[in-house]
Amino acid sequence: MKLRTLGGILIVLVGVIQILSPTLIRATAIGRGPVGEEKVTCDIKGLEPCLLPLISHKEIPPTPHCCATLTEHQPCYCGYLKDYWLGPELKSPDAHKVFDACKIPFPTCP
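Per our numbering, residue 171 is the first one in the sequence shown, and the count goes up by one each step.
Structure follows, in structure tokens:
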């Protein structure tokens with residue numbers, strides 16, 4: 171029951187972020203991929219595989235799919251960190267643990 175409630179809260183949170191951050195959701199960043207430059211669409215919805223580990227404030231280990239998603243979204247982090255709703259969650263100690271578990275350095279933004 172608790173997991174179902176948490177899932178509902180996460181869906182509502184993603185919806186609120188989409189409504190309040192339309193420019194962030196449609197932003198595109200250029201990141202360096204293994205074969206050179208590749209486009210990454212900075213879409214908050216793309217972080218869905220990591221929502222529970224990132225914002226649940228419980229120690230939920232990230233899945234390999236979550237880590238791959240976080241790696242793919244690295245060029246987007248500075249924009250995500252500036253987001254009113256998502257930024258504080260990404261700056262939390264719990265989110266730092268997820269980045270550490272995935273062996274992804276936490277972004278340093280200007």
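Even for Gly, the Cβ is constructed at its ideal location relative to N, Cα and C.
CB of residue i within 8 Å of CB of residue j, strictly
| i | j | result |
| --- | --- | --- |
| Glu242 | Val268 | no |
| Cys236 | Pro223 | yes |
| Pro234 | Ala271 | no |
Nearest to residue i (by Cα), restricted to the options the options
| i | options | result |
| --- | --- | --- |
| Ile230 | Pro219, Tyr254, Cys212 | Pro219 |
| Pro280 | Lys228, Pro234, Gly249 | Gly249 |
| Ile214 | Asp264, Thr239, Ile274, Lys273 | Thr239 |
| Pro275 | Pro234, His227, Gln244, Thr233 | Gln244 |
| Lys228 | Thr278, Cys246, Ala271, Asp264 | Asp264 |
| Ile225 | Gly216, Leu256, Ala271 | Leu256 |
| Lys261 | Pro234, Gly216, Tyr247 | Tyr247 |
N- and C-terminal bounds of the alpha helix (DSSP H) containing residue i
| i | result |
| --- | --- |
| Gly249 | 247-252 |
| Lys267 | 263-271 |
| Pro223 | 221-225 |
| Glu259 | 256-260 |
| Cys237 | 234-242 |
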